[in-house]
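Chains H and U, in that order, are what the protein sequence lines are. The opening position of the first sequence corresponds to residue 1 in the numbering used here, with each subsequent residue numbered one higher. The opening position of the second sequence corresponds to residue 209 in the numbering used here, with each subsequent residue numbered one higher. Before any comments, here is the structure.
2 protein chains.
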Amino acid sequence: MPKRVDHEERRTQIAEALVRVAGRRGLHAVGMREVAAEAGVSLRLVQYYFETKEKLLLYGLQQLAGQLGARVAERLRAAGDNPGPRATIEALLRESLPTDEESRTFHLVYTSYAVLSVTDEALAAQPFTDDPDAAEDAVTRLLQEAQDARLTAPDMDARGEAAGLLAMSAGLGTSILVGQRTPDSALAVLRLHLDRLFPEGGAGPSID
Amino acid sequence: MPKRVDHEERRTQIAEALVRVAGRRGLHAVGMREVAAEAGVSLRLVQYYFETKEKLLLYGLQQLAGQLGARVAERLRAAGDNPGPRATIEALLRESLPTDEESRTFHLVYTSYAVLSVTDEALAAQPFTDDPDAAEDAVTRLLQEAQDARLTAPDMDARGEAAGLLAMSAGLGTSILVGQRTPDSALAVLRLHLDRLFPEGGAGPSID
DNA sequence: ACCATGATGGTACGGTCGTATCACGAAAAC
DNA sequence: GTTTTCGTGATACGACCGTACCATCATGGT
Numbered sequence: 001m002p003k004r005v006d007h008e009e010r011r012t013q014i015a016e017a018l019v020r021v022a023g024r025r026g027l028h029a030v031g032m033r034e035v036a037a038e039a040g041v042s043l044r045l046v047q048y049y050f051e052t053k054e055k056l057l058l059y060g061l062q063q064l065a066g067q068l069g070a071r072v073a074e075r076l077r078a079a080g081d082n083p084g085p086r087a088t089i090e091a092l093l094r095e096s097l098p099t100d101e102e103s104r105t106f107h108l109v110y111t112s113y114a115v116l117s118v119t120d121e122a123l124a125a126q127p128f129t130d131d132p133d134a135a136e137d138a139v140t141r142l143l144q145e146a147q148d149a150r151l152t153a154p155d156m157d158a159r160g161e162a163a164g165l166l167a168m169s170a171g172l173g174t175s176i177l178v179g180q181r182t183p184d185s186a187l188a189v190l191r192l193h194l195d196r197l198f199p200e201g202g203a204g205p206s207i208d
Numbered sequence: 209m210p211k212r213v214d215h216e217e218r219r220t221q222i223a224e225a226l227v228r229v230a231g232r233r234g235l236h237a238v239g240m241r242e243v244a245a246e247a248g249v250s251l252r253l254v255q256y257y258f259e260t261k262e263k264l265l266l267y268g269l270q271q272l273a274g275q276l277g278a279r280v281a282e283r284l285r286a287a288g289d290n291p292g293p294r295a296t297i298e299a300l301l302r303e304s305l306p307t308d309e310e311s312r313t314f315h316l317v318y319t320s321y322a323v324l325s326v327t328d329e330a331l332a333a334q335p336f337t338d339d340p341d342a343a344e345d346a347v348t349r350l351l352q353e354a355q356d357a358r359l360t361a362p363d364m365d366a367r368g369e370a371a372g373l374l375a376m377s378a379g380l381g382t383s384i385l386v387g388q389r390t391p392d393s394a395l396a397v398l399r400l401h402l403d404r405l406f407p408e409g410g411a412g413p414s415i416d
């Protein structure tokens, strides 16, 4: 047999090129040829590792979803439980805001996928329900911890608040994306909400 | 001179077809020919009234933004001030949720435009900053009224809370769109937030 | 009655897209 | 050393897209 190439590595390389192009020119405008050029390979190679464009998009989505999951997990682990639930949640939500250029690209492409998945049934809707559900679970857990530690109101609906928090964070992210709001003002809005959720005095050390 | 046709009416008719097609197959997939077929006119006519596709999209966006503004204004007028600020805000935000098929199409296409506007500089970003700003002003005003009537905390940051409320509403709308959340559960989350904003006892009659 | 002109239909053109086909190099297996 | 098979390149094909061009019809002004 001839030289064996790590398929998964190539696929990742190409998928990363896809994400870069999509972030620059919009997911709707990416073509196989442009992805190939961005990845530094020939068009044929893109076809070789992903037989069809649909599969390429799907793989790109999965990779993006994986990155998001990994990023959130890392945040959770890095922050640990030491700074207190409030700071952990704040760090988590801040991560999910398109602040720097990288996360901006990430959010743009992810949102593009989401919009496409509504009409293009080929793009599985799983990542758009499973991942948010996982995030909701995580935030819910953190809120419950805070509740157990008497940091929040005893009658707080942790799951509902988590859902609201994440929805607000997502909405703020979109606002930043379209240029309506600055990352700083979005963060301020988020903090305002968290301040009401965590009555003064019980908050852990603020990270900034 | 030959028969004169109301250009604005025709343009509206074609733009409505555009929105219908975009809601069905995705904004990225709409072509001039399909829009023409949906509107019941020939391709040439679409070209005649909108010289280029970009102008067609722009017109469609403006019309969509106008519809949104009109819908919100109507809500504000219909609800009036009689049910109290809380109920008015709730009605406002509920309107901005993709509940029925019509508003679902509306939100999908509007979101598609928003995503496109990030990379396609041709699509003016104004509607994506002006309209939300107007909505924020309206909600801020309502919150201030409520604050003056001692329905909310005296130290509430009306503008910040309005921004958060709208962001959460937008995020919930997207969740509904991608099938992660049902309209009912989204509404419940919204009410949960409003309940905390408006302490019990001061709320006006609930509308349902 | 007869034009001038707005409205409309039909169709062709250049380009790009995703995909398929053909061909070749190179290295592991025997 | 030959053969088989993976990896890679170049290129062609058919479809569709947005746009442009040309012809025709209908009608209001004179």
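Virtual Cβ for every residue (Gly too), placed ideally from N, Cα, C. None of these values were measured; they are calculated from a predicted model.
Taking the C-beta atoms as reference points, H/T119 is found nearer than 8 Å to U/G234. Of all residues in the segment 300 to 321 of chain U, the ones placed with a Cβ closer than 7 Å to any Cβ belonging to chain H are L316, T319, S320, in chain order. Classified as exposed, H/E200 has fewer than 16 neighbouring CB atoms from the shown chains inside 10 Å of its CB. When H/D130, H/A17, H/R104 are compared, the shortest CA-CA separation from H/G66 is found for H/D130.
Of the other Cβ atoms in all chains shown, fewer than 16 fall within 10 Å of the Cβ of U/P210; this residue is therefore exposed. Annotation: U/P362 has no Cβ neighbours in chain H at a cutoff of 7 Å; minimum Cβ distance is about 14 Å. A distance of 8 Å or more separates the beta carbons of H/G179 and U/A342. The segment 290 to 298 of chain U makes no contact with the segment 254 to 264 of chain U: fewer than 3 CB pairs, one atom from each, lie closer than 8 Å. H/A15 places its beta carbon 8 Å or farther from that of H/L76. Taking C-beta atoms under 8 Å as the contact rule, H/V21 and H/V35 qualify, at a distance of about 6 Å. Counting along the chain, H/T182 sits inside no alpha helix (DSSP H), nor does DSSP assign it H or E at all. Shown here, H/P85 sits in a helix according to DSSP, grouped into three states.
Secondary structure at H/V5: coil, using DSSP grouped into helix, strand and coil.
Residues are counted here when their Cβ sits less than 9 Å from a Cβ of chain U; for the segment 165 to 189 of chain H these are L165, L166, A167, M168, S169, A170, G171, L172, G173, T174, S175, L177, V178, G179, Q180, R181, S185, A186, A188, V189, given in chain order. A distance below 8 Å separates the beta carbons of H/E95 and H/V72. With contacts defined by Cβ atoms closer than 8 Å, U/E344 and U/A370 form a contacting pair. A straight-line Cα-Cα distance of about 34 Å links H/L18 and H/T140. A straight line joining the alpha-carbon of U/G231 with that of U/A354 spans about 37 Å. Close to H/E161, with beta-carbon spacing below 9 Å, are these residues of chain U in chain order: V397, L400, H401, R404. Here the alpha carbons of U/H401 and U/I384 stand approximately 18 Å from one another. Cβ-Cβ distances below 8 Å link H/K53 to M32 in the same chain, with the five nearest sequence neighbours on each side left out; the list follows chain order.
The three-state reading of DSSP puts U/M364 in coil, since its state is none of H, G, I, E or B. Straight-line spacing of the CA atoms in H/G160 and H/L142 works out to 13 Å. With respect to the C-alpha of H/A70, the residue from H/G171, H/L116, H/L92, H/L166 having the closest C-alpha is H/L92. No residue range can be given for H/D100, since it is assigned to no alpha helix (DSSP H) and is classified by DSSP as neither H nor E. For H/S169, the three-state secondary structure derived from DSSP is helix. Judged by their CB atoms, H/M168 and U/M364 are not nearer to each other than the 8 Å cut-off. If you look at U/A273, you'll find it in the alpha helix (DSSP H) that goes 261 to 287. Around H/G31, no beta-carbon contact reaches into chain U at under 8 Å, the shortest distance being about 13 Å. Under the 10 Å beta carbon count, U/A286 is surrounded by fewer than 16 other beta carbons and is classified as exposed. Under a 10 Å Cβ-count criterion, H/P98 is classified as buried, with 16 or more other Cβ atoms of the shown protein chains found around its own Cβ.
For H/Q126, the three-state secondary structure derived from DSSP is coil. Taking C-beta separations shorter than 7 Å and ignoring five residues to either side along the sequence, the partners of H/P183 in its chain run L97, T99, I176, following chain order. Not flagged as an interface residue toward chain U: H/T140, since no C-beta distance is shorter than 8 Å. Annotation: U/G268 to U/H236 spans about 14 Å, alpha carbon to alpha carbon.
Under the three-state reduction of DSSP output, H/A149 falls in the coil class, being neither helix nor strand.
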